[in-house]
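K.L.:
Pasting in a structure now, in structure tokens, and then I'll have a few things to ask.
Residue numbers (the working numbering): 209 to 800.
Dropping the structure here:
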């Protein structure tokens with residue numbers, strides 16, 4: 209009798225394990241020892257008393273690949289975590305601007321009126337008007353320069369020589385003269401040769417007590433151009449096609465002087481010579497548009513994907529996946545970048561998402577720009593990365609709806625930000641280096657579906673000499689208590705020896721096989737389960753070797769949607785209460 213009870217208990221316990229592990233919330237190693245296996249005999253069949261399992265956490269179910277793409281964080285949350293590689297660096301450069309040194313000679317006319325010749329008096333403003341003469345000019349083309357506010361240059365020396373031999377017989381001394389240079393020319397120093405007392409005010413040089421008995425030589429030094437101070441003495445123009453034109457003039461005005469004789473002619477002149485060294489701009493502030501060429505922002509292979517995300521039925525619609533793009537920018541120029549992110553599987557593109565135009569900070573604001581590309585711009589992400597660095601892309605999750613084997617960021621378009629001024633060094637190749645990571649918590653969007661499957665076999669050796677009498681079946685019932693934030697839908701298929709589907713011999717009827725979702729991942733929800741197993745063909749039980757089962761986890765089911773709760777390996781559990789296995793009818797076999 210004891211042997212008979214053992215064989216029947218084995219059958220029922222096997223059906224219990226096989227039937228209820230289709231919940232997908234445990235695996236074949238889970239300990240069911242606490243289930244009471246004693247049998248009671250009733251008038252309508254044989255039944256195992258009600259029992260329960262312990263809480264079964266997701267970590268006992270959802271196996272992860274070692275060093276795979278899905279990981280657990282320190283709090284037990286499941287997440288996709290990938291690090292891109294193979295990004296290409298951009299090296300923008302602004303070519304130096306050089307003005308070739310030149311010298312200019314000019315005769316500055318001095319006209320004396322008849323009254324002046326007679327009276328030896330002269331009104332400077334009316335008789336000797338200010339005269340402008342060229343100092344330098346530049347014509348070039350650089351499409352990367354859009355505007356200039358100021359520029360630094362290697363120290364430049366300019367020498368102005370005024371020869372008075374043409375007026376010395378009439379004018380012995382110039383008491384006061386003003387030399388005006390281009391307003392954008394920031395002067396550091398003016399040195400005379402002793403025949404003057406120069407005073408420097410911005411771009412104006414006031415000179416007093418100049419003897420006309422010898423030349424006046426002024427040595428002027430400068431290392432900065434302030435193009436915001438353009439005036440009638442110097443201008444800079446930059447056309448859309450990159451044509452750059454710059455000119456500079458000096459103006460000489462004589463305000464007071466001493467006449468010592470009567471000129472033989474009304475037309476006299478001062479000989480002027482301007483010598484300017486080569487000018488090379490070393491850095492500048494303005495608006496620039498250098499080439500910023502990235503081949504790719506990076507790519508990554510998606511490896512070690514766990515089984516529950518690998519099935520063809522899986523839809524990895526995640527609530528808020530994130531692409532964390534980091535760009536190190538050596539250039540003190542802001543830039544913008546946009547690109548296309550593509551997912552491929554088996555060499556075929558499965559999804560493509562256009563990323564928006566994103567801002568790269570200039571180096572002086574932040575050497576490293578951390579950009580978060582997400583599906584939903586949440587307050588948490590804004591707080592972490594800053595509002596300007598978070599970009600919402602509504603269809604971002606489509607990249608991993610069907611888990612790809614490769615993700616890349618290409619078709620990159622980048623350029624310097626034309627709305628902001630920048631300060632650059634001419635001739636220096638800058639480095640702008642991107643990298644990225646994929647950080648995607650396994651928190652479902654409304655269309656998400658995951659799938660877990662497994663099987664139990666090896667029963668046949670123990671039940672191959674058993675059969676059920678006509679209309680006999682096994683009923684398995686329980687209450688599923690779930691804290692999983694997804695509805696669970698159960699399927700099961702009977703297996704023969706060798707794993708063949710024997711649904712033509714054995715019927716597994718899941719009459720109640722849907723476990724409702726916990727809407728907050730914390731509050732337990734109870735759902736009834738009921739499974740019946742019976743022979744379709746007499747003797748079919750002899751062929752049964754186990755069950756294969758499948759559990760679909762869905763974010764949306766029966767009008768209820770649970771979104772945005774990250775699956776947790778420890779907190780999200782399933783428990784089976786009131787487990788009952790009842791044999792309705794008779795088992796036919798030799799139990800001796």
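From the three backbone atoms N, C-alpha and C, an ideal C-beta is built for every residue, glycine too.
Just so it is clear, the structure is predicted and the values come from calculations on it, not from any experiment.
Within 10 angstroms of the Cβ of residue 787, are there 16 or more other Cβ atoms? Answer buried if so, exposed if not.
P.N.:
buried
K.L.:
Closest to residue 576 by C-alpha separation, out of 591, 543 and 601, would be which residue?
P.N.:
For the residues 591, 543 and 601, the minimum Cα distance to residue 576 belongs to 543.
K.L.:
Just curious, the alpha helix (DSSP H) that residue 590 is in, first and last residue?
P.N.:
587 to 593
K.L.:
If residue 290 sits next to residue 510, beta carbons under 8 Å apart, how far is it from one beta carbon to the other, in whole angstroms?
P.N.:
7 Å
K.L.:
Thinking C-beta only, is residue 390 closer than 8 Å to residue 377?
P.N.:
no
K.L.:
Between which two residues does the beta strand (DSSP E) holding residue 736 run?
P.N.:
Per DSSP, residue 736 belongs to the beta strand (DSSP E) from 733 to 743.
K.L.:
With respect to the beta strand (DSSP E) encompassing residue 601, which residues constitute its N-terminal and C-terminal limits?
P.N.:
Where residue 601 is concerned, there is no enclosing beta strand (DSSP E), given that its DSSP letter is neither H nor E.
K.L.:
Per DSSP, which one or two residues make a beta bridge with residue 399?
P.N.:
427
K.L.:
Under the rule that 16 or more other beta-carbon atoms within 10 Å means buried, what is residue 462, buried or exposed?
P.N.:
buried
K.L.:
Out of 268, 772, 723 and 303, which has the shortest C-alpha to C-alpha gap to residue 652?
P.N.:
Considering only alpha carbons, the answer is 772.
K.L.:
Determine the burial state of residue 700: buried for a count of at least 16 other Cβ atoms within 10 Å of its Cβ, exposed for fewer.
P.N.:
Buried, since its Cβ has 16 or more Cβ neighbours within 10 Å.
K.L.:
Leaving aside the five residues before and after residue 413 along the sequence, list all residues of the same chain whose C-beta is less than 6 Å from its C-beta, in chain order.
P.N.:
387, 398 and 406
K.L.:
Quick check on DSSP: helix, strand or coil for residue 524?
P.N.:
Of the three classes helix, strand and coil, the one that applies to residue 524 here is coil, per DSSP.
K.L.:
So residue 523 and residue 687 are in contact, right, with Cβ under 8 Å, and what is the actual spacing, rounded?
P.N.:
Actually they are not in contact, since the Cβ atoms of residue 523 and residue 687 sit about 29 Å apart, beyond 8 Å.
K.L.:
Quickly, what does DSSP pair residue 567 with across the bridge? List them, please.
P.N.:
544
K.L.:
Can we say the segment 481 to 499 touches the segment 739 to 752, given the rule of at least three CB pairs closer than 8 Å?
P.N.:
no
K.L.:
For residue 484, tell me which candidate among 427, 476 and 539 has the shortest Cα-Cα distance.
P.N.:
427
K.L.:
With DSSP as the reference, label residue 518 as helix, strand or coil.
P.N.:
coil
K.L.:
Check whether the segment 594 to 611 and the segment 549 to 566 touch, using three or more Cβ-Cβ pairs below 8 Å as the test.
P.N.:
yes
K.L.:
Could you please give the first and the last residue of the uninterrupted beta strand (DSSP E) stretch that includes residue 269?
P.N.:
For residue 269, there is no enclosing beta strand (DSSP E), as DSSP marks it with neither H nor E.
K.L.:
Leaving out five residues on either side along the sequence, give the residues of the same chain with a beta carbon under 7 Å from the beta carbon of residue 571.
P.N.:
537, 538, 539 and 540
K.L.:
Can you have a look at residue 708 and say buried or exposed, based on whether 16 or more other CB atoms are within 10 angstroms of its CB?
P.N.:
That one is exposed.
K.L.:
With a Cβ-Cβ cutoff of 8 Å, do residue 306 and residue 487 count as a contact?
P.N.:
yes
K.L.:
Looking at the secondary structure, which residues open and close the beta strand (DSSP E) in which residue 681 lies?
P.N.:
Residues 681 to 690.
K.L.:
DSSP beta-bridge partners for residue 530?
P.N.:
582 and 647
K.L.:
Going by C-alpha to C-alpha distance, which of 590, 612 and 502 sits closest to residue 646?
P.N.:
612
K.L.:
According to the neighbour-count rule (16 or more other Cβ atoms, all chains shown, within 10 Å of its Cβ), is residue 246 buried or exposed?
P.N.:
For residue 246, the predicted model reports a pLDDT of 37, less than 50, meaning its position is unreliable and no value from the coordinates is stated.
K.L.:
Give me the Cβ distance between residue 315 and residue 477, rounded to the nearest whole Å; I'm assuming they're in contact under 8 Å.
P.N.:
4 Å
K.L.:
Which residue comes first and which comes last in the beta strand (DSSP E) that contains residue 616?
P.N.:
Going by DSSP, residue 616 is part of the beta strand (DSSP E) stretching over 614 to 624.
K.L.:
Let me make sure I understand the geometry here. Which of 506, 684, 480 and 281 has the alpha-carbon closest to that of residue 617?
P.N.:
Comparing C-alpha distances from residue 617 to each of 506, 684, 480 and 281 shows the shortest one belongs to 506.
K.L.:
Which residue marks the beginning of the beta strand (DSSP E) containing residue 758, and which one marks its end?
P.N.:
752 to 762
K.L.:
Span of the beta strand (DSSP E) holding residue 559?
P.N.:
Where residue 559 is concerned, the enclosing beta strand (DSSP E) stretches over 556 to 562.
K.L.:
Using the Cα positions of residue 350 and residue 450, report the straight-line distance between them to the nearest angstrom.
P.N.:
Distance from the CA of residue 350 to the CA of residue 450, rounded to the nearest whole angstrom, comes to 5 Å.
K.L.:
Let me know if residue 761 comes out buried or exposed under the rule of 16 or more other beta-carbons within 10 Å of its beta-carbon.
P.N.:
buried
K.L.:
In whole angstroms, give me the CA-to-CA distance for residue 329 and residue 468.
P.N.:
With a pLDDT of 49 at residue 329, under the threshold of 50, the modelled position of this residue cannot be trusted, and the question is left open.
K.L.:
Among 301, 293, 297 and 528, which one has its Cα closest to the Cα of residue 179?
P.N.:
In the structure as shown, the chain starts at 209 and stops at 800, and residue 179 therefore has no counterpart that could be examined.
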